[in-house]
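Chains Z and R are the protein sequences, given in the same order.
Mapping of the first sequence onto this note's numbering: position 26 corresponds to residue 26, and the numbering continues sequentially without gaps.
For this note's numbering, count along the second sequence from 1 and bump the result up by 165.
Beta carbons: idealized from backbone N, C-alpha and C, even for Gly.
Worksheet: one structure, shown below.
2 protein chains.
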Amino acid sequence: MDRFAARSLALRPAQRRDREDILHVLLHSEVFGLADADCVGEMFDETWAKPRPDGYRWLTAWLGQSLVGFACYGAEALTQGTWDLFWICVLPNYRGQGIGRALLEAVLVDAQRESARLMVIYTSSTPAYAPARSLYEAAGFVCVARVPEYYRPGDDLCIYWRRLG
Amino acid sequence: MDRFAARSLALRPAQRRDREDILHVLLHSEVFGLADADCVGEMFDETWAKPRPDGYRWLTAWLGQSLVGFACYGAEALTQGTWDLFWICVLPNYRGQGIGRALLEAVLVDAQRESARLMVIYTSSTPAYAPARSLYEAAGFVCVARVPEYYRPGDDLCIYWRRLG
Chain Z
1 MDRFAARSLA LRPAQRRDRE DILHVLLHSE VFGLADADCV GEMFDETWAK
51 PRPDGYRWLT AWLGQSLVGF ACYGAEALTQ GTWDLFWICV LPNYRGQGIG
101 RALLEAVLVD AQRESARLMV IYTSSTPAYA PARSLYEAAG FVCVARVPEY
151 YRPGDDLCIY WRRLG
Chain R
166 MDRFAARSLA LRPAQRRDRE DILHVLLHSE VFGLADADCV GEMFDETWAK
216 PRPDGYRWLT AWLGQSLVGF ACYGAEALTQ GTWDLFWICV LPNYRGQGIG
266 RALLEAVLVD AQRESARLMV IYTSSTPAYA PARSLYEAAG FVCVARVPEY
316 YRPGDDLCIY WRRLG
């Protein structure tokens, strides 16, 4: 709390040099693991290797010189105006301060600026993801669909959904 | 019907030279369009450019020298044993002869050989996809989840699901 009050939060699109800091946040999230980091690393590299208007977008959250959270999002292929929040993550020590909420709101603003019609979020049904699900619900998302045992036995896919614009 | 009876159906993994025939099937499907063909072309190219054990798999259906259908499938990242049937398509003149069913069954056999636990299929709720949905249901898939207006207004995402093994 002190830190956030003392130094103001800044959000800005990621730069290529933020790669290691983003992976650091993910790997210290106490939620995501090595396989997730591989996936995020690949998505990050693809963003810079093959820039395209419908590619992944990365937003970073900073307190002073420290990258403390990020979001990755973008348009879903083969849809008309449906966007996907692929990743959102804040370092544990900086949670409960509205940083996740600020990232999510900024993502929604950017997507609406691009005339997005819907935003969807794919997430897990397990207790570890309860804070994330609460964040989505507080931002107006509804769980509209659930795919049983999608991630592994006992771990369903929950699809959160919100109209935009 | 004559053709299928006269020349027996052969299924085999795609080879790199099948690219144009696969796109031909897709573009003459009367279901898929140019955006789908771009997506399939990219997935096909990625399969050969970056071969990996968990990459896309392609199965082709042949009557004599003619490629008349194909399927594309593979493991879903970040899941434990969930596989996805990304594409399945048969040329209109060759439908109703069990070719789609044969492709789908062969996909299920291959996935089970790789210890897949679940297979999911993402498809559209619109009338154009009714034959595809019937095919999935006949093969034991159930629509477990529906995301409203995912593809466009009036066009929901239906998620079909089947346990394997």
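Within the same chain, show all residues whose beta-carbon is closer than 7 Å to that of LEU188 (chain R), passing over the 5 residues directly before and after it, in chain order.
-> For the purposes of this step, residue 188 (chain R) is taken as residue 23 along the second sequence, with counting starting at 1. Contacts found: ALA202, VAL205 and GLY206.
Between which two residues does the alpha helix (DSSP H) carrying GLU42 (chain Z) extend?
-> Numbered from its first residue, the first sequence carries residue 42 (chain Z) at position 42. Residues 34-49.
Could you check what DSSP says for GLU76 (chain Z) in three-state terms: helix, strand or coil?
-> What you label residue 76 (chain Z) is simply residue 76 of the first sequence in a count that begins at 1. Residue state, collapsed to three classes: coil.
Near LEU103 (chain Z), what residues of its chain come up, given a Cβ to Cβ distance below 8 Å and the 5 sequence neighbours on each side ignored?
-> Counted from its first residue, the first sequence places residue 103 (chain Z) at position 103. Counting only Cβ-Cβ distances below 8 Å, and skipping sequence neighbours, we find LEU11, LEU59, ALA61, GLY69, PHE70, ALA71, ILE88 and VAL90.
Spell out the partners DSSP gives ALA175 (chain R) in its beta bridges.
-> On the second sequence, residue 175 (chain R) is found 10 positions in, with the first residue counted as 1. R:TRP227, per the DSSP bridge assignment.
Starting from ARG133 (chain Z), find everything on chain R with Cβ-Cβ shorter than 7 Å and list it in chain order.
-> Your numbering for residue 133 (chain Z) matches position 133 in the first sequence. Result: empty, since nearest Cβ-Cβ is about 16 Å, beyond 7 Å.
Could you spell out the range, first to last residue, of the beta strand (DSSP E) harbouring ALA310 (chain R)?
-> By one-based count along the second sequence, residue 310 (chain R) stands at place 145. Note, ALA310 (chain R): beta strand (DSSP E), 307-317.
Does any residue of chain R bring its CB to less than 9 Å from the CB of GLU105 (chain Z)?
-> Within the first sequence, numbered from 1, the residue matching residue 105 (chain Z) stands at position 105. Chain R contact via Cβ: absent.
Compare the C-alpha of GLY165 (chain Z) against each of Z:ALA111, Z:ILE159, Z:ASP155 and Z:ALA130 and name the closest.
-> Taking the first residue of the first sequence as position 1, residue 165 (chain Z) is located at position 165. Distances from the CA of GLY165 (chain Z) to each of Z:ALA111, Z:ILE159, Z:ASP155 and Z:ALA130 were compared; the closest alpha carbon is that of Z:ALA111.
Answer with buried or exposed for ASP84 (chain Z), where buried requires no fewer than 16 other C-beta atoms within 10 angstroms of its C-beta.
-> Residue 84 (chain Z) sits at position 84 when you count from the first residue of the first sequence. The residue is buried, with at least 16 neighbouring Cβ atoms inside 10 Å.
Compare the beta carbon distance of VAL272 (chain R) and VAL147 (chain Z) with 9 Å and say whether it is the shorter of the two.
-> The count along the second sequence starts at 1 and reaches residue 272 (chain R) at position 107. The count along the first sequence starts at 1 and reaches residue 147 (chain Z) at position 147. No, the pair does not count as a contact, with Cβ atoms beyond the cut-off.
Which chain R residues sit within Cβ distance under 8 Å of ILE159 (chain Z)?
-> Looking up residue 159 (chain Z) in the first sequence gives position 159. What ILE159 (chain Z) touches in chain R: ALA310 and VAL312.
Among the residues of its own chain, which have a CB less than 6 Å from the CB of PHE44 (chain Z), if the five just before and after it don't count?
-> Stepping through the first sequence from its first residue, residue 44 (chain Z) is reached at position 44. ARG19.
According to DSSP, which residues form a beta bridge with ILE159 (chain Z)?
-> On the first sequence, position 159 is the one that residue 159 (chain Z) refers to. Paired residues: Z:TYR122 and Z:ALA145.
Host alpha helix (DSSP H) of ASP333 (chain R) (start-end) = Given that chain R is displayed from residue 166 to residue 330, the structure contains no residue 333 (chain R) and the question cannot be resolved.
Where the alpha helix (DSSP H) through VAL107 (chain Z) begins and ends | The residue given as residue 107 (chain Z) occupies position 107 in the first sequence. Looking at the DSSP string, the run of the alpha helix (DSSP H) that includes VAL107 (chain Z) is 99-113.
Reference GLY154 (chain Z); option with closest CA among Z:TYR73, Z:LEU67, Z:SER125 and Z:GLN65 = The residue you call residue 154 (chain Z) lines up with position 154 of the first sequence. Nearest option by C-alpha distance: Z:SER125.
Would SER29 (chain Z) be called buried (16 or more neighbouring beta carbons within 10 Å of its own) or exposed?
-> The residue labelled residue 29 (chain Z) in the question sits at position 29 within the first sequence. Result: buried.
Assign ALA77 (chain Z) to one of two classes, buried (16 or more other C-beta atoms within 10 Å of its C-beta) or exposed (fewer than that).
-> Here residue 77 (chain Z) refers to the residue found at position 77 of the first sequence. Classification of ALA77 (chain Z): exposed, given that the 10 Å Cβ count is below 16.
Taking the C-alpha atoms as reference points, what is the distance between ASP156 (chain Z) and PRO216 (chain R)?
-> What you label residue 156 (chain Z) is simply residue 156 of the first sequence in a count that begins at 1. What you label residue 216 (chain R) is simply residue 51 of the second sequence in a count that begins at 1. Spanning the two alpha carbons is a distance of roughly 29 Å.
For VAL255 (chain R), write down the residues that DSSP places opposite it in a beta bridge.
-> Locating residue 255 (chain R) in the second sequence gives position 90, where the first residue counts as 1. Beta-bridge pairing links VAL255 (chain R) to R:GLY234.
Name, please, each residue of chain Z whose Cβ falls closer than 7 Å to the Cβ of ALA204 (chain R).
-> Position 39 of the second sequence, counted from the first residue, corresponds to residue 204 (chain R). The amino acid occupying residue 204 (chain R) in the given sequence is Cys; Ala does not appear at that position. Simply ALA77 and LEU78.
Whole angstroms is fine: what's the gap from ALA281 (chain R)'s alpha carbon to THR247 (chain R)'s?
-> As a first step, residue 281 (chain R) must be located in the second sequence, where it is residue number 116. As a first step, residue 247 (chain R) must be located in the second sequence, where it is residue number 82. Distance between the alpha carbons of ALA281 (chain R) and THR247 (chain R): 6 Å.
Could you check the C-alpha separation between TYR301 (chain R) and GLN245 (chain R) for me, to the nearest Å?
-> Stepping through the second sequence from its first residue, residue 301 (chain R) is reached at position 136. Stepping through the second sequence from its first residue, residue 245 (chain R) is reached at position 80. Rounded to whole angstroms, TYR301 (chain R) to GLN245 (chain R) spans 22 Å at the Cα level.
LEU300 (chain R) by DSSP, collapsed to three states: which one?
-> Here residue 300 (chain R) is taken as the residue at index 135 of the second sequence, counted from 1. In this structure, LEU300 (chain R) counts as helix in the three-state DSSP scheme.
6 Å CB neighbourhood of TYR221 (chain R) in its chain, flanking five on each side removed = What you label residue 221 (chain R) is simply residue 56 of the second sequence in a count that begins at 1. Only MET208, THR212, CYS237 and GLY239 meet the Cβ criterion.
Apart from the five residues on each side of it in sequence, which residues of its chain come closer than 7 Å, Cβ to Cβ, to LEU27 (chain Z)?
-> Within the first sequence, the letter at position 27 stands for residue 27 (chain Z). Same-chain partners within the cutoff: ALA37.
Is the distance from the Cβ of SER8 (chain Z) to the Cβ of LEU63 (chain Z) below 9 Å?
-> Here residue 8 (chain Z) refers to the residue found at position 8 when the first sequence is read from its first residue. Here residue 63 (chain Z) refers to the residue found at position 63 when the first sequence is read from its first residue. Yes, they are a contact pair.
Output yes if chain R places a C-beta closer than 9 Å to the C-beta of LEU67 (chain Z); else output no.
-> To locate residue 67 (chain Z), count along the first sequence from 1; it is residue 67. For LEU67 (chain Z), the answer is no, since every Cβ of chain R falls outside 9 Å of its Cβ.
For ALA171 (chain R), does the count of other Cβ atoms within 10 angstroms reach 16, so buried, or fall short, so exposed?
-> Within the second sequence, residue 171 (chain R) is the residue found at index 6, counting from 1. Only weak support exists for where ALA171 (chain R) lies, its pLDDT of 49 falling under 50; the coordinates are left without a value.
Cutoff 6 Å; reference PRO92 (chain Z); Cβ partners in own chain excluding five residues on either side = As a first step, residue 92 (chain Z) is located in the first sequence; it is residue number 92 there, counting from the start. GLU30.
Name the chain R residues whose beta carbon is nearer than 8 Å to that of ASP36 (chain Z)?
-> For this step, residue 36 (chain Z) is matched to residue 36 along the first sequence. What ASP36 (chain Z) touches in chain R: LEU243.
Given ALA35 (chain Z) as reference, the closest of R:LEU199, R:ARG182 and R:ASP219 once Cα atoms are compared = The residue labelled residue 35 (chain Z) in the question sits at position 35 within the first sequence. Comparing Cα-Cα distances from ALA35 (chain Z) to each of R:LEU199, R:ARG182 and R:ASP219, the minimum goes to R:ASP219.
In chain order, what residues of the same chain lie with their CB nearer than 7 Å to the CB of ILE99 (chain Z), ignoring the 5 residues before and after it?
-> For the purposes of this step, residue 99 (chain Z) is identified with residue 99 of the first sequence, where counting begins at 1. Taken in chain order, the residues that qualify are LEU9, ALA61, VAL68, GLY69 and VAL90.
In angstroms, rounded to a whole number, what distance separates the CA positions of VAL331 (chain R) and TYR259 (chain R)?
-> Within the shown structure, residues of chain R are numbered from 166 to 330, placing residue 331 (chain R) beyond reach of any answer.
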